[in-house]
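>
2 protein chains.
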Amino acid sequence: MPNLTDCIEDYLKKLLALSCEPYVEVQRRELAKKFACVPSQINYVLERRFSPERGYLVESRRGGGGWIRIFRLKTSQASPWREVIESLNGREYEPSRVRQLLKRLYEEKIISRRESFLLETVTRDRIYEEKGLSKKKAREIQHELLNEALEELLKVSY
Amino acid sequence: MPNLTDCIEDYLKKLLALSCEPYVEVQRRELAKKFACVPSQINYVLERRFSPERGYLVESRRGGGGWIRIFRLKTSQASPWREVIESLNGREYEPSRVRQLLKRLYEEKIISRRESFLLETVTRDRIYEEKGLSKKKAREIQHELLNEALEELLKVSY
DNA sequence: TATCGTCTGACCATCTCTGACCTTAATTTA
DNA sequence: TAAATTAAGGTCAGAGATGGTCAGACGATA
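Sequences listed follow chains D and G, in order. The numbering of the first sequence is numbering that gives the first Met the number 0, which starts it at 0 and goes up by one. The numbering of the second sequence is numbering that gives the first Met the number 0, which starts it at 0 and goes up by one.
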C-alpha cells in the first residue's frame with residue numbers, strides 16, 4: 000500500500016495528464032481536505048515529487064482566492080544538455096537532487112540506463128570518506144566530475 | 000532442516016518465479032515478522048543470496064511506506080566484465096593503461112563510445128590537483144571510482 | 001577446535017507526516 | 001481610504017516509520 004505522498008503525487012500527475020493546459024491549478028486547502036491531511040503535506044509532496052530536477056515548476060499565490068499551479072516542463076529538443084548543466088549549477092550541489100535529475104534524464108531517453116548508473120557512482124561519498132576527505136571537499140570534487148562528464152556527453156550524440 | 004537464510008531465499012525466489020514483473024517487492028519489516036527474525040536478517044539474505052554476482056539487483060526505499068525490490072538480471076554478459084575488472088586490479092593503476100583498456104572495450108563493443116568518454120573523465124588529474132590532493136591520493140580515488148563504475152556496468156544489461 | 005556461514009541487536013540514515021507559527025492578498029469595516 | 005479581518009499559502013522543527021550497517025555472539029562442520 001503506497002503512502003500518502005505517493006497517492007497525492009499520482010493524483011496530481013493524472014490531473015496533469017488530463018489537463019488541456021501545460022499545467023494544473025489546485026488549492027492547497029482543498030487538496031489537503033480531499034486526502035484528509037494537513038495542508039503542509041501538500042508542500043512536502045510538491046517539494047519531493049515536483050521539483051525542477053524531476054521536470055516540474057510550481058507557482059503559487061497566497062491570500063483570498065489563492066492557488067497553486069504545477070507546470071510540466073519540457074526539455075527543449077534543441078539543446079537539452081545546456082539546460083541540464085545549468086540546472087545542476089543553478090542550485091547548490093546535492094547528491095540526492097542529482098540522482099533525481101539522472102532518473103529524469105533516463106526517463107526522457109536523454110541518457111541510457113547504463114549511463115545513469117555510471118554517473119550515479121560519482122555522487123557516492125564512500126570513497127572520499129575512506130580517503131579521509133571532508134564532506135565539503137568531496138562534494139566539490141563530485142560536482143566538478145559530474146560537470147566534466149556531462150560536458151563529454153554533450154560532445155557525443157547518442 | 001534448512002536454516003532461516005535458505006528458507007527466506009526460497010520464499011523470495013518463489014515469489015520471483017510467480018511474479019509477472021521482472022522483480023518482487025517486499026517490506027523488510029513484514030518479511031522479518033513472517034519469518035520471526037530481526038529485520039537485519041533480511042539484509043543478510045539479500046547480501047548473500049541476491050548479490051550482483053548471482054544475477055540480482057536490489058533497490059530499496061526507507062521511510063513510511065518503504066520497500067525492497069529484488070530484480071532478476073540477465074547474466075549473459077557477466078563473465079567478460081569480471082575479467083576486465085580483474086585485469087585492472089592485477090597491475091598498478093595507471094591512467095594511460097586505463098585509457099588503452101577503455102579503447103579496447105569500445106572497439107570490442109563491450110561499452111559504447113559515450114560510456115568510454117564518461118569513464119575517461121574519471122582518469123583525469125586536473126580536478127584533484129586544483130583541490131590540492133597529492134597525486135597518490137588522486138590515483139587511489141580514481142582507481143576506486145573506476146572499479147565502482149565498472150561494477151555498475153556489470154549489473155546493468157544493455 | 002578453527003573457520004566460515006548465520007543470526008541478533010544497538011545504532012544510524014532517510015523518507016513521511018503533523019502542527020505551530022509566519023507571510024501575503026483580498027475583503028470588510030470604521 | 002486606512003485599519004482590521006478573513007482567507008489563502010509557506011516554513012520549519014520534530015515525531016513517526018521504514019530500511020541499512022556493523023560488530024560480535026552463535027552454531028555447523030571440516
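C-beta atoms are modelled at their ideal positions from N, C-alpha and C, and glycine is treated no differently. Quick caveat: nothing in here was measured; it's all calculated off a predicted structure.
Apart from the five residues on each side of it in sequence, which residues of its chain come closer than 7 angstroms, Cβ to Cβ, to residue 60 of chain G?
Position 61 of the second sequence holds residue 60 of chain G. Closer than 7 angstroms at Cβ, skipping near neighbours: 66.
> Taking CB distances under 8 angstroms as the criterion, tell me whether residue 94 of chain D reaches chain G.
Here residue 94 of chain D refers to the residue found at position 95 when the first sequence is read from its first residue. Not closer than 8 angstroms to any Cβ of chain G, the Cβ of residue 94 of chain D fails to qualify, so no.
> Please state the DSSP three-state secondary structure of residue 157 of chain G.
For the purposes of this step, residue 157 of chain G is taken as the residue at position 158 of the second sequence. Summary for residue 157 of chain G: the model assigns pLDDT 44, below 50, so the residue's position carries little reliability; its value from the coordinates is reported in the next sentence. Correct three-state label for residue 157 of chain G: coil.
> Over what stretch of residues does the beta strand (DSSP E) that includes residue 70 of chain D continue unbroken?
Within the first sequence, the letter at position 71 stands for residue 70 of chain D. Start and end: 66-71.
> Quick one: does residue 135 of chain D have its CB under 8 angstroms from some CB of chain G?
In the first sequence, residue 135 of chain D corresponds to position 136, counting from 1. Taking Cβ atoms only, chain G never reaches closer than 8 angstroms to residue 135 of chain D, which makes this a no.
> Distance check for residue 128 of chain D and residue 138 of chain D, CA to CA, integer angstroms please.
Walking along the first sequence from the start, residue 138 of chain D turns up at place 139. Walking along the first sequence from the start, residue 128 of chain D turns up at place 129. Roughly 11 angstroms separates the two Cα atoms.
> Could you run through the region 95-128 of chain G and flag, in chain order, every residue whose CB is less than 9 angstroms away from some CB of chain D?
110, 111, 112, 113, 114, 116, 117, 118, 119, 120, 121, 123, 125, 126 and 127
> Excluding five sequence neighbours on each side, which residues of the same chain lie with their C-beta closer than 8 angstroms to the C-beta of residue 23 of chain G?
Indexing the second sequence from 1 puts residue 23 of chain G at position 24. Here the set comprises 11, 14, 15, 68 and 69.
> Tell me which residues share the same chain as residue 154 of chain D and place their Cβ nearer than 6 angstroms to its Cβ, disregarding the 5 neighbours each side in the sequence.
Counting from 1 along the first sequence, the entry for residue 154 of chain D is found at position 155. Hits under 6 angstroms: none found.
> Check whether chain D comes within 8 angstroms of residue 27 of chain G, counting only Cβ atoms and requiring the distance to be less than that.
Walking along the second sequence from the start, residue 27 of chain G turns up at place 28. For residue 27 of chain G, the closest Cβ of chain D is not nearer than 8 angstroms.
> What are the boundary residues of the beta strand (DSSP E) that includes residue 58 of chain D?
If you number the first sequence from 1, residue 58 of chain D lands on position 59. Counting along the chain, the beta strand (DSSP E) containing residue 58 of chain D begins and ends at 55-60.
> Do you know offhand how far residue 8 of chain D's Cα is from residue 106 of chain D's?
The residue labelled residue 8 of chain D in the question sits at position 9 within the first sequence. The residue labelled residue 106 of chain D in the question sits at position 107 within the first sequence. Between residue 8 of chain D and residue 106 of chain D, the C-alpha separation is close to 17 angstroms.
> Helix, strand or coil, according to DSSP, for residue 22 of chain G in the structure here?
Looking up residue 22 of chain G in the second sequence gives position 23. Three-state result, residue 22 of chain G: strand.
> Where does residue 8 of chain D sit, in a helix, a strand or coil, going by DSSP?
Stepping through the first sequence from its first residue, residue 8 of chain D is reached at position 9. Residue 8 of chain D: helix per DSSP, three-state reduction.
> Using DSSP with H/G/I as helix, E/B as strand and the rest coil, what is residue 111 of chain G?
The residue given as residue 111 of chain G occupies position 112 in the second sequence. In the structure shown, residue 111 of chain G sits in coil (DSSP, three-state: anything other than H, G, I, E or B).
> Taking 7 angstroms as the cut-off, is the CB of residue 138 of chain D close to at least one heavy atom of the ligand FAD?
Although the ligand FAD was asked about, the structure shown includes no ligands whatsoever.
> Could you confirm whether any beta carbon from chain D is found closer than 8 angstroms to the beta carbon of residue 72 of chain G?
Numbered from its first residue, the second sequence carries residue 72 of chain G at position 73. Output row for residue 72 of chain G: interface = no.
> Is residue 149 of chain D near residue 109 of chain D, with beta carbons less than 8 angstroms apart?
The residue labelled residue 149 of chain D in the question sits at position 150 within the first sequence. The residue labelled residue 109 of chain D in the question sits at position 110 within the first sequence. Not in contact: residue 149 of chain D and residue 109 of chain D (Cβ atoms no closer than 8 angstroms).
> Skipping 5 residues on each side, what residues in its chain have a beta carbon closer than 8 angstroms to that of residue 99 of chain D?
Taking the first residue of the first sequence as position 1, residue 99 of chain D is located at position 100. Counting only Cβ-Cβ distances below 8 angstroms, and skipping sequence neighbours, we find 50, 52 and 53.
> Give the residues of chain D in contact with residue 130 of chain G, contact being defined as C-beta atoms less than 9 angstroms apart.
Counting from one through the second sequence, the residue named residue 130 of chain G turns up at place 131. Near residue 130 of chain G (Cβ distances below 9 angstroms), the residues of chain D are 132, 136, 139, 140 and 143.
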